[in-house]
Amino acid sequence: GENVEQHPSTLSVQEGDSAVIKCTYSDSASNYFPWYKQELGKRPQLIIDIRSNVGEKKDQRIAVTLNKTAKHFSLHITETQPEDSAVYFCVGNQFYFGTGTSLTVIP
Amino acid sequence: DTAVSQTPKYLVTQMGNDKSIKCEQNLGHDTMYWYKQDSKKFLKIMFSYNNKELIINETVPNRFSPKSPDKAHLNLHINSLELGDSAVYFCASSQVGGNQPQHFGDGTRLSIL
């Protein structure tokens with residue numbers, strides 16, 4: 002149940018641009034897909050999640066899309082700001098975290 | 011009030027020692043977890059308890075033994091510490107099951123000398 006692939010591992014964007022992070026999971030029974038943000042030296046915190054009965058969910062500048070057929074889901078951050086700089090983790094196959102994406106927003 | 015609290019925040023000890031990390035949550039959650047985050051920032055689940063019952067036990071050395079005296083507490087005891095045990099250990103909790111948001115503690119940074 003561990004195979005949750007996350008890409009890219011690092012991502013640098015200019016302030017105001019968009020950032021997209023993608024995860025692929027393997028367990029067909031998975032039905033809950035959260036994203037966590039971890040700032041340097043801090044704990045992971047949930048920023049958005051989606052359940053398998055919907056294909057997209059949006060919360061202000063953050064959105065998550067889910068493709069159950071292809072077994073992948075993506076995090077979209079629009080109008081990025083320097084405070085978005087952090088490591089982002091997806092979770093698939095119930096308890097398994099992706100390998101993380103270090104996002105840097107350049108002012 | 012801190013929702014998920016871990017103690018200690020930092021733990022520096024010699025190889026071969028035995029140490030414990032405590033975790034308590036006041037959210038009324040039924041499920042608690044221990045994760046290990048290594049130097050590459052990978053977050054790997056170690057154990058999960060649901061209402062004091064072990065439901066997940068990943069391929070963790072048996073030097074690691076979790077104990078849940080009640081559903082609000084999940085402690086982690088580590089015997090014969092090794093250099094490779096150096097990491098940040100996070101406790102988390104959620105409502106019952108693996109399909110709920112997890113709330114994390116602030117982590118315990120374990121350094122083995």
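If you're matching them up, the sequences are chains B and U in order.
The numbers in my numbering rise by one with no breaks, and the one at position 77 of the first sequence is 78.
The numbers in my numbering rise by one with no breaks, and the one at position 33 of the second sequence is 43.
Ideal placement from N, C-alpha and C gives every residue a C-beta, glycine not left out.
Only a predicted model underlies this, so the values are computations on that prediction, with no experimental measurement involved.
- Residues LYS62 and ASN85 of the same chain have their beta carbon placed closer than 8 Å to that of U:PRO79, with the five preceding and five following residues left out of the count.
- Nearest CB-CB separation between B:TYR26 and chain U: not below the 8 Å threshold.
- Per DSSP, reduced to three states, the secondary structure at B:GLU6 is strand.
- Within the same chain, and ignoring the five residues on either side of B:ILE51 in sequence, the residues whose Cβ sits closer than 6 Å to its Cβ are PHE34, LYS58, VAL65 and LEU67.
- Taking the Cα of B:GLN15 as reference, the smallest distance to any Cα among B:ASP85, B:ILE22 and B:TYR89 is reached at B:ASP85.
- At least 8 Å separates the CB of B:ASN54 from every CB of chain U.
- Per the DSSP secondary-structure output, B:ASP50 pairs in a beta bridge with B:PRO35.
- Taking C-beta atoms under 8 Å as the contact rule, B:THR79 and B:SER19 qualify, at a distance of about 5 Å.
- Following the DSSP letters along the chain, one finds U:SER121 inside the beta strand (DSSP E) bounded by residues 118-122.
- Put simply, the CB of U:GLY38 is far from chain B, with every gap to its CB atoms at 8 Å or more.
- For U:LEU84, the enclosing beta strand (DSSP E) covers residues 83-88.
- Below 8 Å, enough C-beta pairs join the region 101-117 of chain U and the region 20-40 of chain U to call them touching: three or more.
- Excluding residues up to 5 positions away in sequence, SER58 and TYR59 lie with their Cβ nearer than 7 Å to the Cβ of U:ILE65 in the same chain.
- B:PRO35 reaches chain U at PRO111, counting residues in chain order whose Cβ is nearer than 7 Å.
- Assignment of beta strand (DSSP E) within the region 13-76 of chain U, counting only whole runs of 3 or more residues, yields 14-17, 20-23, 29-35, 41-47, 53-60 and 63-67 in chain order.
- The three-state secondary structure of B:PRO83, taken from DSSP, is helix.
- Among the residues of the region 25-54 of chain U, those with a Cβ less than 9 Å away from any Cβ of chain B are TYR43, TYR45, GLN47, LYS50, LYS51, PHE52, LEU53 and LYS54, in the order of the chain.
- In this structure, the CA atom of U:HIS83 is about 27 Å from the CA atom of B:TYR89.
- Taking the Cα positions, U:GLY94 is about 14 Å away from U:LYS54.
- Interface criterion not met: the Cβ of B:GLN82 is under 8 Å from no Cβ in chain U.
- From the listed residues B:TYR26, B:PRO45, B:VAL21 and B:GLY17, the smallest Cα separation to U:HIS113 is found for B:PRO45.
- Taking C-beta separations shorter than 8 Å and ignoring five residues to either side along the sequence, the partners of B:THR105 in its chain run THR11, LEU12, SER13, VAL14 and SER86, following chain order.
- Sixteen is the threshold: since fewer than 16 other Cβ atoms of the shown chains lie within 10 Å of the Cβ of U:MET25, the residue is exposed.
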